[in-house]
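There are 2 protein chains.
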Amino acid sequence: MTSKLQSTVTLAEVAEAAGVGESTVSRVLRNHGSFSKKTHDRVMAAVERLGYVPNRIAGALASAGSRLVAFVIPSLSNIVFPDVLRGAGGVLEANQYQSVFAVTDYDPGREEAMVAAMLAWRPSAVMLAGLEHSEGTAKILRANGCRVVELLDLDGAAIDLAVGFSNGAAGRASAEFMLQRGYRRIGYVGHDFHRDTRAGKRFRAFCTVLEAAGRPLAGHEIHAGASSVEAGRLGLERLLARLPELDAIYFSNDDMALGGYFHCLARGISIPYQLAIFGYNGLDMAKVTPQPLSTIRTPRVAVGQVAAQLVLDDAPSQTIDLGFELIEGETA
Amino acid sequence: MTSKLQSTVTLAEVAEAAGVGESTVSRVLRNHGSFSKKTHDRVMAAVERLGYVPNRIAGALASAGSRLVAFVIPSLSNIVFPDVLRGAGGVLEANQYQSVFAVTDYDPGREEAMVAAMLAWRPSAVMLAGLEHSEGTAKILRANGCRVVELLDLDGAAIDLAVGFSNGAAGRASAEFMLQRGYRRIGYVGHDFHRDTRAGKRFRAFCTVLEAAGRPLAGHEIHAGASSVEAGRLGLERLLARLPELDAIYFSNDDMALGGYFHCLARGISIPYQLAIFGYNGLDMAKVTPQPLSTIRTPRVAVGQVAAQLVLDDAPSQTIDLGFELIEGETA
DNA sequence: AATAAAATTGGCAGCGCTGCCAAAATTGAA
DNA sequence: TTCAATTTTGGCAGCGCTGCCAATTTTATT
């Protein structure tokens, strides 16, 4: 399909109408180079009169700068990614950059295809979730020469820029907290971490700490798909059916944890005495539940903001650790 | 800032390397027009060898078709909009369209600025939330000639395409349901509906039905900012402090309603006997709470999908009502 | 084998804008 | 008033691709 005729006022027509040259109009509109006040006013009047909207496609082609930032994210259902987009989008919009996005559904193959599709727009930067990508993705990205920002994970090697926090450290902190609280029969309820590799990193680090303390994970229940409140509720139900003696559960994230929390409320399981619950993300909602959720708050919006700012500043390759905050809450 | 040198393999270089003409490469890559198998293979080999990534900026300029769809949405914090993006994005990506977005923060002035910025990319379509826009927005959109899709509301005049459901009808259905359930002292807890005009439409329709039944709204509490679980909890707390005799609350959406629900759980208010709760949106989470929330489920993902499909099909101007579903739940 | 019809192919002029450079206008200094 | 320095301005060649058209090659027909 091809849409109707677009508004076809061109810069040349504006120049004509204003009685000046094309490059003069271009200079005035971009406020770049010098021009007299009189000329400025005449040009702006013509722009106004004709309803001229600059064509950034032509502009980008001529200047080899698109002012487009591409986001290739795993999901839009998990609020984490909208949060990052929000942070980055705010900074970018304030600087006349636009955001393009594509969703991979946690599929590395789709990620590669989407990255290639995005690169066709010659973006100033590509932002990706995490550090794990297919070889093809890494290759095409490196070959392209545009900035690459990997978000929300620091445990591994970055291509160019990386902004986030350590998921391993988060997993460890969670385990240490729970041990220190005295829980001893700890289970895990999570979602598919072959796809969500960051959740996998937290899980493994968590287990390692438990083992080192001589209290290895007592059991786990993994949901095959993406995380959701429902999966969390179901997962906890199943796990408790098998292992009713558990005294605490580590969830792959707050969505899952909220599901577990609801399960306990529904079954009259007393939290945290009968069963403790610990999540990850620090969703806003999780602090408003009758008992605030014990979790780790991640600076998702800030990750987006910092990532965008680094790109705007054309900062050298580096890794920025924004850390996380352990929220004690009342569920563990 | 200007980023590093971009990968600079051009179509002309591929043509050279493959020993064919430029237009032949173009035809092969777009699978458009005719060419022999032998030529196809030679071109693809050269593309592979050189790591060529087509430049869609140049392509769009030459063909006057960007295959870009612009989304100008009020917020990314409210899951409603990511849901719509997800629905539309899926359909668009499958057809080699890309999505660009900008966030207005419910500010009509920003909406106008963002729409203008988006139009500079000559998108195939612009998708907006709701039917209320500044005069400037409507004018620039109409003048531009690209497709315009207004989403999530049907109560008013559309510019071109509109996909959604009637918020007025949703408000009425909610009121009728609550009256039929026997609630008589009904209150409202909502958020700023000067900005979220769709919430305002639901509210007014809701009140109208109550009045017609001789049971006008007993009281309301409006949060000045955006909706959130916390605002809902606080709003209910305040409203009950003033009007403890209320027997049911209509919330502006499920986020707010969940906040109210949590408040009741925390205070031991028995739902729905002591107080009934009714929301709007049908969030996934709302069906997993100990008592499933009584609410109206809106087809947000489908709205995105249908909107995208209409644009792909270059469908004539029309309004499509996707309806909504009243979920009885257990909280009202 | 000759000719017509169909399938391939390449050349090249733009798409609308920016960047470069030289020309013109203005200002300042002597 | 004259000449140099400075500020404004316009012309025009691309940016990398697509669309049109004509040229060439292949295939079908008689």
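Heads up: the sequence lines are chains A and B, in that order.
So the first sequence is residues 1 to 332, counted in this note's numbering.
So the second sequence is residues 1001 to 1332, counted in this note's numbering.
Glycine included, each C-beta is placed from N, C-alpha and C at the ideal position.
Asked                                                                                                                                                                                   : Found
Return the Cβ separation of glycine 219 of chain A and leucine 236 of chain A in integer angstroms, given the expectation that the two are a contact with Cβ distance under 8 Å.        : Contact flag wrong, Cβ pair sits at about 11 Å.
Under 9 Å between C-beta atoms, does glycine 90 of chain A make it to chain B?                                                                                                          : yes
Please state the DSSP three-state secondary structure of arginine 204 of chain A.                                                                                                       : helix
With 9 Å set as the bound, which would you pick, yes or no: does the beta-carbon of aspartate 1107 of chain B sit closer than that to a beta-carbon of chain A?                         : no
How is threonine 331 of chain A classed by DSSP in three states: helix, strand or coil?                                                                                                 : coil
Closest to leucine 1141 of chain B by CA distance: which of B:Leu1258, B:Ala1286, B:Val1072 is it?                                                                                      : B:Val1072
Which chain B residues are close to arginine 56 of chain A, counting only those with a beta carbon under 7 Å from its beta carbon?                                                      : Ala1120, Trp1121
Can you pull the DSSP bridge partners for histidine 191 of chain A?                                                                                                                     : A:His223
Can you find the residues in the same chain that come closer than 8 Å, C-beta to C-beta, to valine 1209 of chain B, ignoring five residues on each side of it along the sequence?       : Gly1171, Arg1172, Ala1175, Glu1176, Leu1179
Quick one: what does DSSP say arginine 27 of chain A is sitting in, helix, strand or coil?                                                                                              : helix
How about the region 1298 to 1308 of chain B and the region 1156 to 1170 of chain B: do they share at least three Cβ pairs that are nearer than 8 Å?                                    : yes
Kindly say whether aspartate 337 of chain A, judged by its beta-carbon, lies nearer than 9 Å to any beta-carbon of chain B.                                                             : With chain A running from 1 to 332 in the structure shown, residue 337 of chain A is simply not present.
Between aspartate 1255 of chain B and chain A, is there a C-beta pair that is closer than 9 Å?                                                                                          : yes
Show which residues of chain B have a CB atom less than 7 Å away from the CB atom of valine 290 of chain A.                                                                             : The displayed chain sequence assigns proline, not valine, to residue 290 of chain A. Within chain B, the residues near proline 290 of chain A are Phe1262, Leu1265, Ala1266.
Any idea what DSSP makes of serine 174 of chain A, helix, strand or coil?                                                                                                               : helix
I'd like the list of long-range same chain contacts for aspartate 1314 of chain B, defined as Cβ closer than 6 Å, with 5 residues on each side in sequence excluded.                    : none
Mind listing the chain B neighbours of valine 25 of chain A? Cutoff is C-beta to C-beta under 8 Å, in chain order.                                                                      : Here the premise fails: no neighbours, minimum Cβ distance about 15 Å.
Would you call histidine 1133 of chain B buried or exposed, if buried means 16 or more other Cβ atoms sit within 10 Å of its Cβ?                                                        : buried
May I ask which residues mark the beginning and end of the beta strand (DSSP E) holding valine 255 of chain A?                                                                          : The question names valine, but residue 255 of chain A is aspartate in the sequence shown. Run containing aspartate 255 of chain A: none in the beta strand (DSSP E); it sits in the alpha helix (DSSP H), 254 to 267.
Does the pairing of the region 1115 to 1123 of chain B with the region 53 to 62 of chain A give three or more beta-carbon distances under 8 Å?                                          : yes
So the beta strand (DSSP E) glycine 1164 of chain B belongs to, where does it begin and stop?                                                                                           : 1161 to 1164
Rounded to a whole number of angstroms, what is the C-alpha to C-alpha distance between valine 126 of chain A and methionine 1285 of chain B?                                           : 32 Å
Would aspartate 1254 of chain B and glutamine 1274 of chain B be called neighbours here (beta carbons separated by less than 9 Å)?                                                      : no
Rounded to the nearest angstrom, what separates glycine 1200 of chain B and methionine 1114 of chain B at their Cα positions?                                                           : 23 Å
Taking glutamate 230 of chain A as the query, report the chain B residues whose CB atoms sit under 9 Å from its CB, ordered along the chain.                                            : Asp1284, Met1285, Lys1287, Val1288
Could you give the first and the last residue of the continuous alpha helix (DSSP H) run that contains arginine 233 of chain A?                                                         : 229 to 242
Work out the CA separation of leucine 234 of chain A and aspartate 1090 of chain B for me, nearest whole Å.                                                                             : Per the sequence presented here, residue 1090 of chain B reads as glycine, with aspartate not at that position. Cα to Cα, the separation comes out at about 28 Å.
Report the rounded CA-to-CA distance for valine 103 of chain A versus aspartate 1155 of chain B, giving the unit in angstroms.                                                          : 31 Å
Excluding five sequence neighbours on each side, which residues of the same chain lie with their C-beta closer than 7 Å to the C-beta of glutamine 1096 of chain B?                     : Arg1067
Evaluate alanine 12 of chain A with the Cβ neighbour count: other Cβ atoms within 10 Å of its Cβ, from every protein chain shown; 16 or more gives buried, anything less gives exposed. : exposed
For the region 1159 to 1179 of chain B, which residues have a beta carbon sitting closer than 8 Å to at least one beta carbon of chain A?                                               : none
Is it true that the CB of serine 1099 of chain B sits closer than 9 Å to the CB of valine 1069 of chain B?                                                                              : yes
What is the DSSP secondary structure of alanine 315 of chain A, counted as helix, strand or coil?                                                                                       : coil
Quick check on threonine 10 of chain A: does DSSP put it in helix, strand or coil?                                                                                                      : coil
Shortest alpha-carbon distance to glycine 323 of chain A belongs to which of A:Val311, A:Thr331, A:Ala302, A:Ile186?                                                                    : A:Ala302
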